[in-house]
Amino acid sequence: MPACRRRPTGSRRRRFRLLRSGWRRWSLGLTELHITETMHQRKAMMAQLSDGFIALPGGFGTFDELFEILTWAQLSVHNKPVGVLDAGGFYQPLRALVEHAVSEGLVLVMNTAPWWGLSTLS
Numbered sequence: 004m005p006a007c008r009r010r011p012t013g014s015r016r017r018r019f020r021l022l023r024s025g026w027r028r029w030s031l032g033l034t035e036l037h038i039t040e041t042m043h044q045r046k047a048m049m050a051q052l053s054d055g056f057i058a059l060p061g062g063f064g065t066f067d068e069l070f071e072i073l074t075w076a077q078l079s080v081h082n083k084p085v086g087v088l089d090a091g092g093f094y095q096p097l098r099a100l101v102e103h104a105v106s107e108g109l110v111l112v113m114n115t116a117p118w119w120g121l122s123t124l125s
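Just so it is clear: in the sequence shown, position 117 is 120 by my numbering, and no numbers are missing.
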């Protein structure tokens with residue numbers, strides 16, 4: 004596995020930071036913390052600063068970010084690696100949904116390759 008070129012960096016929307024005032028960047032081992040006003044600014048900054056993307060198990064915000072990055076890859080906005088950490092099979096139901104979309108002809112199988120690291124979803 005290639006070495007990471009960048010230091011761990013975090014970003015949060017300002018409102019989230021205010022709501023979670025107990026959150027501390029040093030507890031996550033981050034060397035930088037960027038605060039943005041909007042989610043769009045946050046996603047654009049993450050995309051610009053990232054060498055690649057990995058989604059950990061999470062909720063709607065994680066799904067939103069994952070699918071936006073996948074959409075950007077589909078539209079050739081970036082060609083960075085995208086992956087999921089499928090801890091305990093967390094992402095298997097979502098994978099089944101994507102496979103269903105492929106089988107229905109709504110998603111091209113070639114657009115799933117950056118996510119699953121596969122050339123086909125057999």
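Every residue, glycine too, gets a C-beta built ideally from N, C-alpha and C.
To which residues of the same chain is residue i closer than 7 angstroms at the C-beta, ignoring the five residues directly before and after it?
i     : result
ARG23 : Its pLDDT being 47, under 50, ARG23 is placed unreliably by the model, and the measurement read from it follows with that caveat. Nothing meets the Cβ criterion.
Taking residue i as part of the alpha helix (DSSP H), name the residues at either end of that continuous run.
i     : result
GLY64 : 63–77
Should residue i go down as buried or exposed, given a rule of 16 or more other Cβ atoms within 10 Å for buried?
i      : result
LEU69  : buried
ALA58  : buried
LEU73  : buried
THR115 : buried
ALA76  : buried
Helix, strand or coil for residue i, going by three-state DSSP, please let me know.
i      : result
HIS81  : coil
GLY92  : helix
VAL110 : coil
LEU52  : helix
LEU59  : coil
GLU40  : coil
If you drop the 5 nearest sequence neighbours on each side, which residues of the same chain put their C-beta closer than 6 angstroms to that of residue i?
i    : result
ALA6 : Any reading at ALA6 needs caution, since the residue's pLDDT is 48, under 50, leaving its predicted position unreliable; the model's value is listed next. Nothing meets the Cβ criterion.
Leaving out the 5 sequence neighbours to the left and right, which residues in its chain are closer than 8 angstroms to residue i when beta-carbon positions are compared?
i     : result
GLN95 : ASP89
For this session: Determine, using beta-carbon pairs with one atom in the segment 81–96 and one in the segment 44–63, whether at least three such pairs fall under 8 angstroms.
Result: yes
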